[in-house]
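Protein chains in written order, with the numbering used here: chain U, 139 to 545; chain B, 6 to 87. These notes are about the structure you will find just below.
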Amino acid sequence: MSTDVVVTGIGVTAPTGLSVKEYWDATLAGTAGIGPLAGYDTTGYSARLAGQITGFDAREHLPGRLLPQTDRVTRLALLAAERALDDARADIAELGTYACGVVTSNATGGFEYSHREMQRLWAQGPEHVSVYQCFAWFYAVNTGQISIRHGMRGPGGVIVAEQAGGLDAIGQARRTIAHGRGRLMLTGGVESSFDPWGWVSHLASGTVSTRTDPTAAYLPFDRRANGYVPGEGGALLVLEDAEAARRRTGRRPYGRITGYAATFDPAPGTERPPGLRRAIELALADAGVEPDGVDLVVADAAGVAELDAREADALRAVFGPFGVPVCAPKTMVGRLMAGGGPLDVVCALLALRDGVIPPAVHVTDVVEDYRIDLVRDRPRPCPLSTALVLARGAGGFNSAVVVERVP
Amino acid sequence: MLSLDQLLQILGECSGDEQVTAQGEDVLDREFDALGYDSLVLLETSAQLKHRHDIDIPEDVIRDLKTPRAVLEYVNVPASRD
Chain U
139 MSTDVVVTGI GVTAPTGLSV KEYWDATLAG TAGIGPLAGY DTTGYSARLA GQITGFDARE
199 HLPGRLLPQT DRVTRLALLA AERALDDARA DIAELGTYAC GVVTSNATGG FEYSHREMQR
259 LWAQGPEHVS VYQCFAWFYA VNTGQISIRH GMRGPGGVIV AEQAGGLDAI GQARRTIAHG
319 RGRLMLTGGV ESSFDPWGWV SHLASGTVST RTDPTAAYLP FDRRANGYVP GEGGALLVLE
379 DAEAARRRTG RRPYGRITGY AATFDPAPGT ERPPGLRRAI ELALADAGVE PDGVDLVVAD
439 AAGVAELDAR EADALRAVFG PFGVPVCAPK TMVGRLMAGG GPLDVVCALL ALRDGVIPPA
499 VHVTDVVEDY RIDLVRDRPR PCPLSTALVL ARGAGGFNSA VVVERVP
Chain B
6 MLSLDQLLQI LGECSGDEQV TAQGEDVLDR EFDALGYDSL VLLETSAQLK HRHDIDIPED
66 VIRDLKTPRA VLEYVNVPAS RD
C-alpha cells in the first residue's frame, strides 16, 4: 500500500487512565489497574479480578441527551472519540463531513444496558423495555453514535473479531484512506461488559484466571500462567494521509501505520500450522520491513500456556530466539477484547516517540523454552523506529499491525 | 388531564435533555423536530404516558402529532378522536 497513513490524534480510556498522559505515565511506571471487580457482590463467581476503569462519571463528559440511550461502553467510546479528535485538532465541517468516517471494533456490545432492560422485560413486561434498547445493546453502536455526534458521514464500519478486531478496524481505516475514500478516519475499539451478565459471558471462555491475587492472576509467558484478567476500555485513533495531515496541522504525527495483515487459524485437528506467523510475515511484507528491521513486538500475551507457547513459536520462527524485545503492557490493564489491540498500538506509538519500552509487570519466571526477550520489571530505554503489534481473538483470529516512528 | 409541564417533564426524562422544560409555554407550538426530539424520544414518551398516566397513544398516531399542543389536544379531548 503506497499511501503513507499517519496517526494524528489519540483518545484513551484505560483502567490506568482516561487520558494519553495518565495511561502512558502509569504504563512506564509499571502501575497496574487490575483489582477486585467492584460494583456488586462477586461471591460465587469463579473469577473476581478485572481491569476496571474507576472514576468515570459520564455526566461530566457527555451531554445529558446522550445518557438515556447509551451503555457504559458507548459513553467510554464517545469520550475517547472526542479526545482523539481534539488531539488531532480536527474540524470535521472544514474537512468535509462525507470525507470523515468511523470504523470501530467491539466484541460484546452494551451488556449492562441490555441486562437492565432484560430484567424489565421479565419483571414488568415488554412495554417497559426502553425504546433505546433497539440500538444501545449493539456492537455497532459505538461507530454510529460517534459518527452522529461528530457529523462524520463518510465511510463507516464495524468489525467483530474478538480480541483481534481492534487491529482489523485500524487496518480497514488505513485502507479507506489509502484508497482515497476518506480524508480522516477515526478508528480503534472500546469494550466494557462487566455487569453480572456480561461478566459470566467472559467467564464462559474458560480461560479467565480464577486467582484472587492481582499480582499473580495474569502472567503471560510465565511458568505460572493460568489464564487472563478481562479489562475494559480501549483507544481510538485519528488516521490521515501523511502529506494532507502535515499541511493541515504542521505538526509531527504520533507515527505511521505502515503494515497490516489478518489471518485465520485452520480448523482444529488439521495438520496446517496456526496463522499467527503468517499474519506477522504478511504485515511485515505489507510494510516492506524485514524482521531485523523490527525493534519491538507488542505481544498478544494470552496468559494461557498453550497460546503463549504458540506466540513464542511464531516470534522465534520470524525473529529468531531472543531476536526482538517483546513487551506485554496488557499485564497492567488486562485483556480489553476489541479495545486491547488499539491500546497496544497507542503503547507502541508512544514507545517509538519516547525511545523506551514499558515493562511487563508481575511476570517473574518466563518459560525458558520460549526463548523470548520479554521486557520486565522496569522500562528499557533504547532507540526504536519500528514496532509490530499482535492480537489474537478466540475462534482463530490473528491480526498484526506495523507502526513506524516519523523521524 | 395531562398538563404541559407533565408532558415536558416526561419528554425531558426520555431524551435526557431537561433544559426544554424551563421554556414552558413557549414550546407549545414548536415542532418536536425543532425541539430536538426524534421519533425514538416520542416512542419512549408514549410508553411513559401509558405507565404513568394510563394514556394510550398508538404508535401510528404519535407519529403524526408534531407539537406538544397536538399531543395535549389528542389526550385531553378524547371525544374528538373520531
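Think of the CB as a built atom: it goes at the ideal place given N, C-alpha and C, for glycine as much as any other residue. Keep in mind that this is a model prediction, so the values were computed, not measured.
Under 9 Å, do residue i and residue j count as touching if we go by C-beta distance?
i, j, result
"A237 of chain U", "H500 of chain U", "no"
"Y356 of chain U", "R473 of chain U", "yes"
"V100 of chain U", "L522 of chain U", "Outside the shown range of chain U, which is 139 to 545, sits residue 100 of chain U, and nothing can be said about it."
"Y161 of chain U", "G155 of chain U", "yes"
"P334 of chain U", "Y178 of chain U", "yes"
"V504 of chain U", "D360 of chain U", "yes"
"L187 of chain U", "G202 of chain U", "no"
"V578 of chain U", "F273 of chain U", "Chain U is shown from 139 up to 545; residue 578 of chain U falls before or after that span and cannot be answered."
"E300 of chain U", "F332 of chain U", "no"
"I148 of chain U", "D225 of chain U", "yes"
"L200 of chain U", "P517 of chain U", "no"
"G427 of chain U", "T408 of chain U", "Looking at the sequence itself, residue 427 of chain U is Val, so the reference to Gly does not match. For V427 of chain U and T408 of chain U, no; Cβs fall outside 9 Å."
"P73 of chain B", "V32 of chain B", "yes"
"A363 of chain U", "D451 of chain U", "no"
"L40 of chain B", "I15 of chain B", "no"
Should residue i be counted as a contact of the ligand GDP given a C-beta to heavy atom distance under 8 Å?
i, result
"R68 of chain B", "Among the components modelled here there is no ligand, and therefore nothing to report on the ligand GDP."
Would you please state the rounded distance, in angstroms, between the beta carbons of residue i and residue j? I believe it to be under 8 Å.
i, j, result
"L189 of chain U", "V367 of chain U", "Before going further, note that residue 189 of chain U is Gly rather than Leu in the sequence given. G189 of chain U to V367 of chain U, Cβ: 6 Å. Contact."
"G17 of chain B", "L205 of chain U", "Not quite, the Cβ-Cβ distance comes to about 12 Å (not below 8 Å), so this is no contact."
"P463 of chain U", "V513 of chain U", "5 Å"
"V376 of chain U", "A218 of chain U", "Not quite, the Cβ-Cβ distance comes to about 11 Å (not below 8 Å), so this is no contact."
"G294 of chain U", "G239 of chain U", "5 Å"
"V328 of chain U", "L214 of chain U", "5 Å"
"S118 of chain B", "I62 of chain B", "With chain B covering only 6 through 87, there is no way to say anything about residue 118 of chain B."
"V150 of chain U", "R394 of chain U", "Not really, about 19 Å apart at Cβ, beyond 8 Å."
"L7 of chain B", "H58 of chain B", "6 Å"
"G320 of chain U", "G292 of chain U", "5 Å"
"L216 of chain U", "I284 of chain U", "6 Å"
"L12 of chain B", "L77 of chain B", "6 Å"
"A525 of chain U", "L490 of chain U", "6 Å"
"V82 of chain B", "I60 of chain B", "So it is not a contact: roughly 12 Å between Cβ atoms."
"G365 of chain U", "G441 of chain U", "6 Å"
"A498 of chain U", "V527 of chain U", "Contact doesn't hold; Cβ gap of about 15 Å is too wide."
"L420 of chain U", "A399 of chain U", "3 Å"
"D142 of chain U", "D379 of chain U", "7 Å"
| said: Short of 8 Å Cβ to Cβ, which residues in the stretch 44 to 55 of chain B face chain U? | reply: Cβ contacts with chain U come from L45, L48, E49, A52, K55.
| message | For the pair the stretch 474 to 492 of chain U and the stretch 295 to 306 of chain U, tell me if three or more CB-CB distances fall below 8 Å. | response | Counting C-beta pairs with one atom in each stretch, the stretch 474 to 492 of chain U and the stretch 295 to 306 of chain U have three or more that are closer than 8 Å, which means they touch.
| query | Are there three or more Cβ pairs, one per stretch, closer than 8 Å when the stretch 244 to 260 of chain U is compared with the stretch 209 to 217 of chain U? | reply | Three or more beta-carbon pairs drawn from the stretch 244 to 260 of chain U and the stretch 209 to 217 of chain U are found closer than 8 Å, and the two stretches are therefore classed as touching.
| At a Cβ cut of 8 Å, what residues of the stretch 512 to 539 of chain U count as close to chain B, listed as they run along the chain? | Answer set for the stretch 512 to 539 of chain U: empty.
| message | Suppose only complete runs of 4+ residues qualify. What are the alpha helix (DSSP H) ranges in the stretch 312 to 361 of chain U, listed by chain order? | response | Taken in chain order, the whole alpha helix (DSSP H) runs of length 4 or more contained in the stretch 312 to 361 of chain U are 334 to 341.
| task | Pick out the complete alpha helix (DSSP H) segments inside the stretch 474 to 535 of chain U, 4 residues or longer, and give them in chain order. | result | The stretch 474 to 535 of chain U contains these whole alpha helix (DSSP H) runs: 478 to 492.
| request: Would you list, in chain order, the members of the stretch 8 to 24 of chain B that have their beta-carbon closer than 7 Å to a beta-carbon of chain U? | output: Residues of the stretch 8 to 24 of chain B whose Cβ lies closer than 7 Å to any Cβ of chain U, in chain order: C19, S20, G21, D22, E23.
| query | Between the stretch 202 to 228 of chain U and chain B, which residues of the former have a C-beta closer than 8 Å to a C-beta of the latter? | reply | Listed in sequence order: G202, R203, L204, L205, P206, Q207.
| task | Say whether the stretch 339 to 348 of chain U touches the stretch 257 to 269 of chain U, bearing in mind that this needs 3 or more beta-carbon pairs closer than 8 Å, one atom from each stretch. | result | Counting Cβ pairs under 8 Å, fewer than three are found: no touch.
| field | alpha helix (DSSP H) runs contained entirely in the stretch 272 to 301 of chain U, provided each spans 4 or more residues | value | For the stretch 272 to 301 of chain U, whole alpha helix (DSSP H) runs of length 4 or above, ordered along the chain, are 279 to 288.
| field | Ordered list of alpha helix (DSSP H) runs contained in the stretch 198 to 253 of chain U, each at least 4 residues | value | List check, alpha helix (DSSP H) in window: 210 to 225, 230 to 233.
| field | Cβ contact (3+ pairs, closer than 8 Å) linking the stretch 461 to 469 of chain U and the stretch 482 to 489 of chain U | value | With a cut-off of 8 Å, the stretch 482 to 489 of chain U and the stretch 461 to 469 of chain U count as touching, because enough Cβ pairs lie within range.
| query | Is it true that the stretch 425 to 432 of chain U meets the stretch 525 to 542 of chain U, where meeting means three or more beta-carbon pairs spaced less than 8 Å apart? | reply | With the cut-off at 8 Å, the stretch 425 to 432 of chain U and the stretch 525 to 542 of chain U touch.
| request: Select from the stretch 255 to 270 of chain U all residues with a C-beta closer than 8 Å to any C-beta belonging to chain B, and list them in chain order. | output: Residues E265, H266, S268, V269, Y270.
| task | Report yes or no: do the stretch 408 to 427 of chain U and the stretch 377 to 385 of chain U share at least 3 C-beta pairs separated by less than 8 Å? | result | They do not touch, by the three-pair rule.
| task | Identify every run of the alpha helix (DSSP H) within the stretch 156 to 204 of chain U, keeping only runs that are complete inside it and at least 4 residues long; order them along the chain. | result | Note on the stretch 156 to 204 of chain U: whole alpha helix (DSSP H) runs with a minimum of 4 residues are 158 to 167, 196 to 199, in chain order.
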